[in-house]
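Engineer:
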Amino acid sequence: MRRYRLPVIVFFALYAAVAVYGCFRLNFTFDFQQFFPRGDEDLDFFLEFIDEFEGDDNFLLVALEREPTVFDSSFLAQVQDFSVAARDLPGVEAAQSLTSFGYPIKTPFAVTTIPAIHLDDPARYAADSARIMADERFVGNLINRRGTALVTVLKTPSLINLDQSRALIEGLDSLVATYNFPDYHYLGPAYFQKELVAMQIREVIVSAVISGLLVSFVMFLLFRRPLGIAVALVSIALGLLLFMGTLGLLGRELNAIAALYPVLMIIVGTSDVIHIMSKYIDELRKGLPKEAAIRVAIKEIGLATLLTSLTTAVGFATLLTSRINPIRDFGINAALGVMIAFLTVILFTTSLLSYLSVDQIVKIGRQQAFWDRLMERTYQFTQRRATAIKVGAVVTVALCFWGISMITTNYRIESTLPKNRKVTEDFQFFERELSGFRPFELAITSRDSSPVTDFAVLQQIGKIEDYVKEFPFVQSTASITAVYRSINQAFNNNRVDAYVLPATEDRYQQYRRFAERIPDVNLNLLVSRDRQKARITSRLDDIGADSIKVFLNNTHDWINANVDTSLVQVRSTGTGLIIDKNAEYIRRNLLQGLGLAIVIVCLLMALLFRNWRMLIISLVPNMLPLLIAGAMLGFLGIELEAGVSIVFAVIFGIAVDDTIHFLSKYKLARRRGLPVQEAIHLTFRETGKAIVLTSVVLFFGFLVMLFSISPPSVTIGLLISLTLASALISDLLLIPLLLRWLDHS
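If you use full-length UniProt numbering, the sequence shown corresponds to residues 1 to 745, in order.
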């Protein structure tokens, strides 16, 4: 060991220098397309659909408020000037607002247009306002229902990237600042992307700092010696640095769940450090020299720590069964991080420790007596209250199944947005005042060679559109029928009640000549170039994934009963539908992933203990925390969505660690010839302290997530903390009972 320790320390120092460079190459990213499930047939259809049409994510909405009404000449002039200037912003392909909209109207001489708002004639504002507020094309789309906000629609690239988003929002902020608008709000993928990436960076920094302070405090309480504290903190910090640097060097993207990485690495590293240092200190206190103490620590704790690292990595690696890229990426990255933490501790930490004596590492005092008393009382409790423990376990399991039955997957976008931030306030404004964010698309395909603009097909499209508009949570519905409704209105003196489809085919043929004069570039938003497909596009209120699924099922049932499906085929699509399908895949992948994790951990346990009884003993206490986590989701009404789904992999991967350390020590005691009762007693005395300490660190480590501004991160931290606490209780109370019952060999 002595001849290897200096080269090991030098290697890690060089690796750390390279890792610092890698940290500057970290790439943060966020877009809703990340959450599209891989290999889904609806996704394949959607990608083909947006190849023929434009996507449903190529917009940025700017709502400009003025109380008590927007119909003020100076405000309208500013909005018009802003809308024109916005066309020159980076990434903006077009801009439109109500101030530039004109109604088509037929005169005896030709079809002309009249402005929706006569900007230069305030005397006509009252009439303009009355007409606009009765027009379904505008209300909720270009003006809010109270008439206190106008919306400028900016057309942006589909699948806009982060650099484009930043440039656009920075330019937009600068432009808005040149006007004295009372208040303004943004909504769109570019805005979400910029703000949520900024949130991710903040979350990673804050979680790393707070976790570091927490662990520093724990190490101070534990060791009370500067060198002992320094070795522990340097080892943990080095593991985090190497992990983040490796991600940067490998070009791995940090997505919406990246805030968990610092917490995860710090607490996993802390757990490994506490176990290895505690064992080294115990051996030194027995009188062994440093070299011998290190060998014993590596031999007895190193194997157990390797197995705990493997089981934790397996827990994360099972996330590869997910079809959702951010979940898969988290699984790969977290598994890599766990192994980096293990190698750092088993090589670097032990090399540093081999230079230090027990007095340099830890201050022995009354705290040791406290731990001895605590472990002794816990051991005695498992003997005296065995019946109470059994009853408590049965009652807990029953309550868990009740809670699990209450789990909901009614995912809402708002539940993932940061707390007390403008991006969330803006989202809520659009949900409350305008047409919201969730895209909803119906793809209409002609059954034969007839174009979708034929009269019979158009009537079916109009029937579907009128049906979905009846639902109060469906907003801003549009289709190719809008062209013919507008022409009909123009031929009827622009009356509001004339915004309907032509009643007869003769009238339709008359209007068709006017419709054909509209440039294809405009119609391609609503009709494919071959005229075989059309779209009905809408926005839905953020009512939740499950509620929307019910709405879609009811809509398709109505279509099958009321629409001539020999003429048209109708299919739901759009980014909203694809993301909402995650709920279905999350449920399925959660069970598949956990099942795979349990099988792999069983194999690892079988290799370690070579005894089916020990296999049962190791699994039973670790199934209870999973049930408790599921029950908490149900009782607390937490939506099971992509981010929350990783909780179960984290819990199973980490919770089994304490079980392995407990049973490994027990196995060593049994090999020395100790009977079951004495082996359990010895395990409590020698391993109990390290298990409790690491669990306390895990508990408070994940509670750090409560400082997050991201609701999913807060939920994840709370769930993991509480369930890992239950895992500790389960290990200390149930394992002794199971050992006394099953281990008679």
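Using N, Cα and C, we set each Cβ at its ideal position, and we do this for glycine too.
From a predicted model like this one, the values you see are computed outputs, not experimental measurements.
(1) Which term fits Ile444, buried or exposed, when burial requires 16 or more other beta carbons within 10 angstroms of its beta carbon?
(2) Is the stretch 66-79 in contact with the stretch 141-149, if contact means three or more CB pairs nearer than 8 Å?
(3) If we call anything under 7 Å between Cβ atoms a contact, is Gly331 one with Leu319?
(4) Between the beta-carbon of Gly248 and the beta-carbon of Ala649, is there less than 7 Å?
(5) Tell me whether His275 sits in a helix, a strand or coil according to DSSP, three-state version.
(6) Compare the beta carbon distance of Phe101 and Gly188 with 7 Å and say whether it is the shorter of the two.
(7) Please determine, among Lys581, Glu54, Pro104 and Ala85, the residue with the shortest C-alpha to C-alpha distance to Arg495.
(8) Val521 by DSSP, collapsed to three states: which one?
(9) Taking the alpha helix (DSSP H) that residue 747 falls in, what are its first and last residues?
(10) Would you mind stating whether Met277 and Gly239 have Cβ atoms separated by less than 7 Å?
(11) Go to Ala332, then tell me how far its alpha helix (DSSP H) extends in each direction, as first and last residue.
(12) Could you give the DSSP three-state label for Ser566: helix, strand or coil?
(13) On the three-state DSSP scale, how would you describe Phe417?
(14) Suppose only complete runs of 3+ residues qualify. What are the beta strand (DSSP E) ranges in the UniProt domain "SSD" (616-741), listed by chain order?
(15) Does Lys533 come out as helix, strand or coil in the three-state DSSP assignment?
(16) When burial is assigned at 16 or more other CB atoms within 10 Å of the CB, is Leu14 buried or exposed?
(17) Is the separation between the beta-carbon of Gly688 and that of Leu703 shorter than 7 Å?
(18) By the three-class DSSP mapping on this structure, what secondary structure does Tyr511 have?
(19) Check this for me: beta carbons of Phe699 and Leu674, under 7 Å apart or not?
(20) Where does Phe11 land, buried or exposed, given buried means 16+ other C-beta within 10 angstroms?
(21) Helix, strand or coil for Gly228? Go by DSSP, reduced to three states.
(22) Between the alpha carbons of Asp657 and Thr311, how many angstroms are there, rounded?
(23) Going by C-alpha to C-alpha distance, which of Ile50, Ile691, Arg328 and Arg412 sits closest to Leu640?
(24) Mind pulling the alpha helix (DSSP H) runs of 4 or more residues that sit fully within the stretch 40-106?
(25) Taking the C-alpha atoms as reference points, what is the distance between Ser721 and Pro625?
(26) Nearest to Leu719 by alpha carbon, out of Ile680, Arg373, Ser415 and Leu636?
(27) In angstroms with no decimal places, state the Cα-to-Cα distance between Ala293 and Gly576.
(28) For Ile438, name the three-state secondary structure that DSSP assigns.
(29) Which two residues bound the contiguous beta strand (DSSP E) that contains Thr477?
(30) Alpha carbons only, please: which of Leu603, Tyr280 and Ile691 is nearest the one belonging to Asp359?
(31) Span of the alpha helix (DSSP H) holding Leu187?
(32) Excluding the five sequence neighbours on either side, which residues of its own chain have a C-beta within less than 6 Å of the C-beta of Ser664, listed in chain order?
(33) For Trp402 and Ala631, what's the separation of their Cα atoms in angstroms?
(34) By the DSSP assignment, the beta strand (DSSP E) with Lys155 in it spans what residues?
(35) Which first and last residues belong to the alpha helix (DSSP H) in which Leu316 is found?
(36) Let me know the secondary structure DSSP gives Val139 once reduced to three states.
Structural biologist: Taking the geometry as given:
(1) For the purposes of this step, residue 444 is taken as residue 444 along the sequence shown, with counting starting at 1. Ile444 should be labelled buried.
(2) yes
(3) Here residue 331 refers to the residue found at position 331 when the sequence shown is read from its first residue. Here residue 319 refers to the residue found at position 319 when the sequence shown is read from its first residue. In contact: Gly331 and Leu319 (Cβ atoms closer than 7 Å).
(4) For the purposes of this step, residue 248 is taken as residue 248 along the sequence shown, with counting starting at 1. For the purposes of this step, residue 649 is taken as residue 649 along the sequence shown, with counting starting at 1. No, the Cβ-Cβ distance between Gly248 and Ala649 is not below 7 Å.
(5) Here residue 275 corresponds to residue number 275 of the sequence shown, with the count starting at 1. Helix at His275.
(6) Here residue 101 corresponds to residue number 101 of the sequence shown, with the count starting at 1. Here residue 188 corresponds to residue number 188 of the sequence shown, with the count starting at 1. Against a cut-off of 7 Å, the Cβ pair of Gly188 and Phe101 comes out as no contact.
(7) Residue mapping note: residue 495 aligns to position 495 of the sequence shown, counting from 1. Per the Cα distances, Pro104.
(8) On the sequence shown, position 521 is the one that residue 521 refers to. Low per-residue confidence applies at Val521: pLDDT is 42, beneath 50, and the placement is therefore not dependable, though the value from the model is reported in the following sentence. Three-state DSSP puts Val521 in a helix.
(9) Residue 747 lies beyond the residue range present for the chain, which begins at 1 and ends at 745; the question has no answer from this structure.
(10) The residue given as residue 277 occupies position 277 in the sequence shown. The residue given as residue 239 occupies position 239 in the sequence shown. No.
(11) Working through the sequence shown from its first residue, we reach residue 332 at position 332. The question names Ala, but residue 332 is Ile in the sequence shown. Asn325 to Leu343 is the extent of the alpha helix (DSSP H) around Ile332.
(12) Looking up residue 566 in the sequence shown gives position 566. Coil, per DSSP.
(13) Position 417 of the sequence shown, counted from the start, is the residue given in the question as residue 417. Correcting the residue type first, residue 417 is Leu in the shown sequence and not Phe. Reduced to three states, the DSSP call for Leu417 is coil.
(14) none
(15) What you label residue 533 is simply residue 533 of the sequence shown in a count that begins at 1. Three-state DSSP puts Lys533 in a strand.
(16) In the sequence shown, the residue the question calls residue 14 occupies position 14. Leu14 is exposed by the Cβ-count criterion.
(17) As a position in the sequence shown, residue 688 is number 688, starting the count at 1. As a position in the sequence shown, residue 703 is number 703, starting the count at 1. Against a cut-off of 7 Å, the Cβ pair of Leu703 and Gly688 comes out as no contact.
(18) Position 511 of the sequence shown holds residue 511. Note: Tyr511 maps to helix in three-state DSSP.
(19) In the sequence shown, residue 699 corresponds to position 699, counting from 1. In the sequence shown, residue 674 corresponds to position 674, counting from 1. Not in contact: Phe699 and Leu674 (Cβ atoms no closer than 7 Å).
(20) Start at 1 with the first residue of the sequence shown, and residue 11 comes out as number 11. The residue is exposed, with fewer than 16 neighbouring Cβ atoms inside 10 Å.
(21) To locate residue 228, count along the sequence shown from 1; it is residue 228. In this structure, Gly228 counts as helix in the three-state DSSP scheme.
(22) Counted from its first residue, the sequence shown places residue 657 at position 657. Counted from its first residue, the sequence shown places residue 311 at position 311. Cα to Cα, Asp657 sits roughly 8 Å from Thr311.
(23) Locating residue 640 in the sequence shown gives position 640, counting from the first residue. Closest option to Leu640, Cα to Cα, is Arg412.
(24) 41-52 and 73-86
(25) The residue labelled residue 721 in the question sits at position 721 within the sequence shown. The residue labelled residue 625 in the question sits at position 625 within the sequence shown. Distance between the alpha carbons of Ser721 and Pro625 is about 11 Å.
(26) Start at 1 with the first residue of the sequence shown, and residue 719 comes out as number 719. When only C-alpha atoms are compared, the closest one is Leu636.
(27) Start at 1 with the first residue of the sequence shown, and residue 293 comes out as number 293. Start at 1 with the first residue of the sequence shown, and residue 576 comes out as number 576. Going by the C-alpha atoms only, they are around 59 Å apart.
(28) Taking the sequence shown and counting its residues from 1, one reaches residue 438 at position 438. The question names Ile, but residue 438 is Arg in the sequence shown. If DSSP states are grouped into helix, strand and coil, Arg438 belongs with the strands.
(29) Working through the sequence shown from its first residue, we reach residue 477 at position 477. Looking at the DSSP string, the run of the beta strand (DSSP E) that includes Thr477 is Val474 to Ala478.
(30) Sequence index remark: in the sequence shown, residue 359 carries index 359 (1-based). Of the candidates Leu603, Tyr280 and Ile691, the one whose C-alpha sits nearest the C-alpha of Asp359 is Tyr280.
(31) Here residue 187 is taken as the residue at index 187 of the sequence shown, counted from 1. Segment Asp183 to Leu187 is the beta strand (DSSP E) holding Leu187; no alpha helix (DSSP H) there.
(32) Within the sequence shown, numbered from 1, the residue matching residue 664 stands at position 664. Result list for Ser664: Ala304, in chain order.
(33) As a first step, residue 402 must be located in the sequence shown, where it is residue number 402. As a first step, residue 631 must be located in the sequence shown, where it is residue number 631. Roughly 7 Å separates the two Cα atoms.
(34) Position 155 of the sequence shown, counted from the start, is the residue given in the question as residue 155. Where Lys155 is concerned, the enclosing beta strand (DSSP E) stretches over Ala149 to Lys155.
(35) Taking the first residue of the sequence shown as 1, we reach residue 316 at position 316. Correcting the residue identity first, residue 316 is Phe in this sequence and not Leu. Its alpha helix (DSSP H) spans residues Leu303 to Ala317.
(36) Taking the sequence shown and counting its residues from 1, the one referred to as residue 139 is at position 139. Residue state, collapsed to three classes: strand.
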